[in-house]
Each structure stands twice: as structure tokens, then as C-alpha cells.
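Number of protein chains: 2
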Amino acid sequence: MKSLKDRILSGDKRSIGRAISAVEDARPEATELLKDIFAHTGKATVIGITGAPGAGKSTLVDRLAAHYRAAGEQVGIIAVDPSSPFTGGALLGDRIRMQNMATDPGIFIRSMASRGHLGGLARATVDAVAILDAGGYNRVIVETVGVGQDEVDVVRAADVTVVVLVPGMGDEVQAMKAGIMEIGDVFAINKADREGVLRTERELETLLSISERSDGWTPPIIKTVATENSGTEALAAAIADYKQFIGDKGAQADGRRINTAEHRIIELLRERLLKTALNKGVTDAQLRELASDVAERRRDPYSVVDEIIKRIGIQ
Amino acid sequence: MKSLKDRILSGDKRSIGRAISAVEDARPEATELLKDIFAHTGKATVIGITGAPGAGKSTLVDRLAAHYRAAGEQVGIIAVDPSSPFTGGALLGDRIRMQNMATDPGIFIRSMASRGHLGGLARATVDAVAILDAGGYNRVIVETVGVGQDEVDVVRAADVTVVVLVPGMGDEVQAMKAGIMEIGDVFAINKADREGVLRTERELETLLSISERSDGWTPPIIKTVATENSGTEALAAAIADYKQFIGDKGAQADGRRINTAEHRIIELLRERLLKTALNKGVTDAQLRELASDVAERRRDPYSVVDEIIKRIGIQ
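Those protein sequences? They're chains A and B, same order as listed.
The first sequence begins at 712 in the working numbering and counts up by one.
The second sequence begins at 712 in the working numbering and counts up by one.
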């Protein structure tokens, strides 16, 4: 009988799905598996796609996936949900997509959501990408909604990041400037058959012209109408261009990769430390009791944390 | 000479500003200060305001602040930036606002941004709220952009959360459903003089009618035109209503407060653990070396983390 590692390396979808569930739940065996497969990763082009809700990212991702499939590539898709504090659930849309695409053996699609405060969504997403990479998916698309730190962390680990905008987002372009703007290697203006596309393009060009990238790349702006499959090839070409550009940069690209690796080590460390602390330093019931003390202002949270740290013995 | 604690308690703006800088930088003296002032917190109504970029949140916050000022309240405003991985900078708009409002002695406005991976933006924001609370600001408004985990964490610590939408966000309302929808105690449809306001209101009503809140509250929908100061009073009244409602709930409200306190303890713990680990387990140069090994796939990040954990001695 083949090991889970071997089944993943041979591209077995069921094993890949199970392994992703294990990383989502941060199960101990997931860490061992990830150690085993790590040497088999690094072959995929990882594409991060982000932008405001309603920009049509999902449709664009589907079109891009179909484009890669037609070119004979294996495509993994990870749709990262904004975390819901109440349901922790996946977007309805993704569930529908999963049913439609699940019949293609060359596509693996998975929706991921944070699971409460031990979540580590960014960490779990990066691990899931590694599993798909090892499983032979040479195009991995990570789709994420929003402009929060979690989303930034997720796309930071991508080789190429596409920011999706829609016409008439003048205000939004301004507001998003400080956040998402600077992480886009490629910009897509989707729904480009709508009014205001030229104005949005002009505003975006202006913003990009005053931003300076340390790698010297000028992010291209691609107009797409995902619902009509228009602009998909241009988008794929722009993604390939940036991947090529950064591949040619040598040492500078190494710097980016080292930053990404450092970030990943820190995220893993953060999660492991908290897990260890909650296992060794305090029981669930004790934590609840301490939280109650803090809520009633009988104690302050800072000295509570001092106490937990002391119990673990690393003070 | 008065202590920093006493100066904060007497409402000295400069001391409050310095204390917030200290919590942003996670300086050790900040923790001591927070312990000292903790018993003086819990008096403010903390209002979280969130929604997509471009929804007009800043203007709405300004109007609400002016409304509270007219009623004789002291108003603290914290504008939480989506983190920029490149600049870490604050939104330009906030800087302009700060200049306009800084002349009113009863308003304290501050922009906060994440500072890299040790950031702990949610933790720093909650600490800053505590400082303003202790400083006598009895209305503290926390304004945040986006739908990421960081934003959710920030508003989770608020007494009342307002989600701001704009007309014509049909798609967005659907897409945001899983995230932001469920954290709104009050919904504001801003720019309500625009076309499509009734449709947005109807869609929102439908969504709210199928969502069930454990506290039995039905979130009101308030139409505002912040630029014309229309709807501000209704919004303030809705905020006060929910605060009253939850105050009357007794034990159930305690549960919410205990959850918030538990979350806060965990966030503080997470940050302290990582800081300790990076101080004790690995130097910056060693971390860079390890990251380089991982980037080149000479080592996997999981066993690197094992090693760091072992060095700290809590394995």
C-alpha cells in the first residue's frame, strides 16, 4: 500500500483533499506530511488573485483555469474566504463552482475559511498550495477577497499577484491605494464593457505612475469581461510575463523568495507557539475563568498573559 | 510631576498620543501602563465602523463624531488602515482629517497601521481604545476598511458594530454575506441619494431576515447621506438602541464580554510568545539564514520551526 505522500505525489485527488483538510485543522500528521513533500514543491506557478467583493474574481479565475486547461496544464484553485466569526463558512458561490468543475480531472478546487482564533488561514493556505504543487498542479490559483492583513499574507506568498478592479471604482481605487495597489504585479479591469472603464484605467495608470516598485516592473493593466471570456489570454500572457521577468532577475528574485520563506517560518512559529502555550500553560476551563475575570475587570489581561507565559516556563 | 498614568487619566492629549505610539510599537513600558490604567477602562461606548473601500465611512465617522460633540461627549477616533506590505503607511485621507479635527479639544483622532509581521494590529487597536477610554473619551469610534480577519478582530472588540454599504452593491452584498454581514449590529446604507438604494435595502432586508442572531436582535437599516449630514441622528440613535438592548440582556451580554476578553488574552499571548521566541530562539541573522535555506529548499520550514521551538525549551 502506497503512503499518503506517494499518493499525493501521484496526483490522487482524494489524498490531496484529505491532506488539505489535515493542514486546515492543523493536525500533527499534517506537519510530518508537509516535511516529507517539501522537496517536491516549487514547481508550480502560484497566482494570487485579489480585489474587492463583487469584482467578478471567481468568474475570472474560472476563465483563467479553463485557459490553462486548454494548454494542457493541471490547475489547482484555492478560494480563500473572508473569515466569518459566526459560521466560519465558505461562500455559496464556491460550492456551486466546485460542483461544475469537479468533473474535470485536471482541476482541483477547494474553498478555505478560517476556523476561529487558532485558524492561521494564511499558513493553511500556503500549506495547501504546497500540497497541490507536490500533487502535480503546475498552475495554482489562490483567490482571495478583500484588503485585510490575512489577504495580504496570502497573496504575498504567490509568484504573481493579480488585482482585479471594476469600472467606476474611482473612490475605491483611491481608498485601496495604500493596501492592495502595491501588491499587484498585474491589474485586471474586469467588467470592462461597463461605463467608466477608461476613467478607471486612467486613474489606475496615474496611481501606478507615481508608485515606485523596487523590482523595476511596470504592472500591466488588462481589460477583461470574464462573463464573455474576453481578455483571458491577455491576462494569462501578462502573468507569464511577470513570472519570466522575475525569473530573470536573479539575486533580487532570491531576496523576494527569502522574504517569503522568512514570513512563512514566522507564521508557522506563531501558530505552534500558541498551540503549545494553550496545551501546556492553561486549560480551557482556566482560560474561560481568566477571561471572565478580565471581562469583570477583576484582573487585567496583561498580567494574565504574564502568568500563562510563566507557567510554560519561557519567561 | 504627574505619572504618565495620571496624565492619561486627566485626559492630556499629548500623553495619550505617546501612550498609543508605545502600544503600536509594543514597547515593554506600554504593557506596564496598560496594567495600571486597566481598572479605569470600560466606561466608553466603543463603536466599530466597517465596510468596503469607497463606502464613505470616513465622512460618516466625522458626522457621527460631530453629533456626539454637539451632545457634549468626548470622542476618540481610531482609523485602522488596511496593512500595506510596502509602505505600512496611513491613508492620505486620514491625515487630512486629522488636521481638520485636531483643533477640537474634545476629539482625539489617530490613524493606525500594521507594522510588519510582528504588528498585532488588532491587539494594538484594542490597547489604543483602552487608553482613550481611560483618558475620558466616552465615545470611541474604530473605523476599519475591508473584510479580512484583522478587521473582524478589530470590530469584534467593539460594543456596537456598524456596517456601511452603498446603493448598487448587489453583488457585493451577496459576496460579503459570509463575512461582514454577520458582524453588523446596525447597517448604514450611505450615499442613499443614489440610484438603487431601495434595491440594496430590500436585498439587505432579505439577507437579514434569513440570518439568525443568537442575541435576538434585528439589526436596523439606516439610510444616510454623510456628505449632507443626513441620517446621522438616526444612526446615533440606532447605535444607542443596540447598546441599551445588549445592556439589558444580563447573562447573555456577559457571555459576549467573556468571549471578547478570551480573544484578547489569546491575541496578547500570541504576540508575547512570538516576541519571546524571536528574542531567545533565533537571532535575526540566523533567521535570515534559515529562510534562505527554506527558499532554496535545502530545508523545510516545518523542521526549522521545530528547531527554534526546541531552542526556546518549551517542546
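In this text, a Cβ means the ideal position worked out from N, Cα and C, and glycines have one as well.
**Length of the line joining the Cα atoms of M823/A and A782/B** = Translated into the one-based positions of the first sequence, residue 823/A becomes position 112. Translated into the one-based positions of the second sequence, residue 782/B becomes position 71. In a straight line, the C-alpha of M823/A is about 46 Å away from that of A782/B.
**Message:** I want to verify the contact list: residues of chain B whose CB lies under 8 Å from the CB of T742/A, in sequence order.
**Reply:** Position 31 of the first sequence, counted from the start, is the residue given in the question as residue 742/A. Within chain B, the residues near T742/A are Y1013.
**Prompt:** What is the DSSP secondary structure of A868/A, reduced to helix, strand or coil?
**Reply:** Position 157 of the first sequence, counted from the first residue, corresponds to residue 868/A. Three-state result, A868/A: coil.
**Prompt:** Assuming Y1013/A and L984/B make a contact with CB atoms under 8 Å, what is their CB distance in whole Å?
**Reply:** By 1-based counting over the first sequence, the position of residue 1013/A is 302. By 1-based counting over the second sequence, the position of residue 984/B is 273. Not quite, the Cβ-Cβ distance comes to about 14 Å (not below 8 Å), so this is no contact.
**Asked** So what's E944/A in DSSP terms, helix, strand or just coil?
**Response** Locating residue 944/A in the first sequence gives position 233, where the first residue counts as 1. E944/A: helix per DSSP, three-state reduction.
**Residue-chain proximity (L745/A, chain B), Cβ-Cβ < 8 Å** = Here residue 745/A is taken as the residue at index 34 of the first sequence, counted from 1. Yes, its Cβ sits closer than 8 Å to a Cβ of chain B.
**Message:** I want to check one thing, is the minimum distance from the CB of R967/B to the heavy atoms of the ligand NAD below 7 Å?
**Reply:** Only the bare structure without any ligand can be found here, which leaves the ligand NAD out of the picture.
**Asked** What residue ranges within the segment 899-931 of chain B form continuous alpha helix (DSSP H) runs of no fewer than 4 residues, ordered along the chain?
**Response** DSSP runs (the alpha helix (DSSP H)) wholly in the segment 899-931 of chain B: 908-921.
**Message:** Taking the alpha helix (DSSP H) that G1024/A belongs to, which residues open and close that run?
**Reply:** Residue mapping note: residue 1024/A aligns to position 313 of the first sequence, counting from 1. First-last for G1024/A: undefined, no H or E at that position.
**Item:** Residues from the segment 905-919 of chain B in contact with chain A, defined by Cβ distance under 8 Å
**Value:** none
**Prompt:** When you compare only the Cα positions, how much space is there between I788/B and T761/B?
**Reply:** Here residue 788/B is taken as the residue at index 77 of the second sequence, counted from 1. Here residue 761/B is taken as the residue at index 50 of the second sequence, counted from 1. One Cα belongs to I788/B, the other to T761/B, and the distance between them is close to 13 Å.
**Prompt:** When we look at the beta-carbon of A750/A and count the other beta-carbons within 10 Å, is it buried (16 or more) or exposed?
**Reply:** Translated into positions along the first sequence, residue 750/A becomes position 39. Exposed, by the Cβ-count rule.
**Prompt:** With DSSP run on the structure shown, which of helix, strand or coil describes I788/B?
**Reply:** As a position in the second sequence, residue 788/B is number 77, starting the count at 1. Secondary structure of I788/B (DSSP, three-state): strand.
**Asked** Who pairs with M1035/B in a beta bridge, going by DSSP?
**Response** Nothing about residue 1035/B can be reported from this structure: the residues present for chain B run from 712 to 1026 only.
**Prompt:** To the nearest angstrom, how far is it from the Cα of R916/B to the Cα of G722/A?
**Reply:** Translated into positions along the second sequence, residue 916/B becomes position 205. Translated into positions along the first sequence, residue 722/A becomes position 11. In the sequence on display, residue 916/B carries Glu and not Arg. Spanning the two alpha carbons is a distance of roughly 45 Å.
**Prompt:** Beta-carbon separation of V851/B and T836/B under 8 Å?
**Reply:** On the second sequence, residue 851/B is found 140 positions in, with the first residue counted as 1. On the second sequence, residue 836/B is found 125 positions in, with the first residue counted as 1. In this structure, the beta-carbon distance from V851/B to T836/B does not fall below 8 Å.
**Asked** What in chain B is Cβ-close to S732/A, meaning under 7 Å?
**Response** Taking the first sequence and counting its residues from 1, the one referred to as residue 732/A is at position 21. Here the premise fails: no neighbours, minimum Cβ distance about 18 Å.
**Stretch-stretch touch, CB-based, cutoff 8 Å, three pairs: the segment 965-982 of chain A with the segment 921-934 of chain B** = no
**Request:** Please determine if the segment 948-967 of chain A and the segment 896-908 of chain A are in contact, where contact requires at least 3 C-beta pairs separated by less than 8 Å.
**Result:** yes
**Request:** Could you work out which residues of chain B lie near E753/A, taking near to mean beta carbons separated by less than 8 Å?
**Result:** Counting from 1 along the first sequence, the entry for residue 753/A is found at position 42. In the sequence on display, residue 753/A carries Gly and not Glu. Neighbours of G753/A on chain B, chain order: R1008.
**Prompt:** Does the segment 722-739 of chain A come close enough to the segment 990-997 of chain B that 3 or more CB-CB pairs lie under 8 Å?
**Reply:** no
**Request:** State buried or exposed for T938/B, treating a residue as buried only when at least 16 other CB atoms are found within 10 Å of its CB.
**Result:** The sequence position of residue 938/B within the second sequence is 227, counting from 1. Flag for T938/B reads exposed.
**Prompt:** So, does the CB of G1024/B fall closer than 8 Å to a CB anywhere in chain A?
**Reply:** In the second sequence, counting from the first residue as 1, residue 1024/B sits at position 313. Yes, G1024/B lies at the interface with chain A (some Cβ there is under 8 Å from its Cβ).
**Prompt:** Does the beta carbon of V853/A come closer than 8 Å to any beta carbon on chain B?
**Reply:** What you label residue 853/A is simply residue 142 of the first sequence in a count that begins at 1. V853/A does not count as touching chain B.
**Prompt:** Can you name the residues of chain B whose CB is closer than 8 Å to the CB of F749/A?
**Reply:** Within the first sequence, numbered from 1, the residue matching residue 749/A stands at position 38. Result: R1008, D1011, P1012, Y1013.
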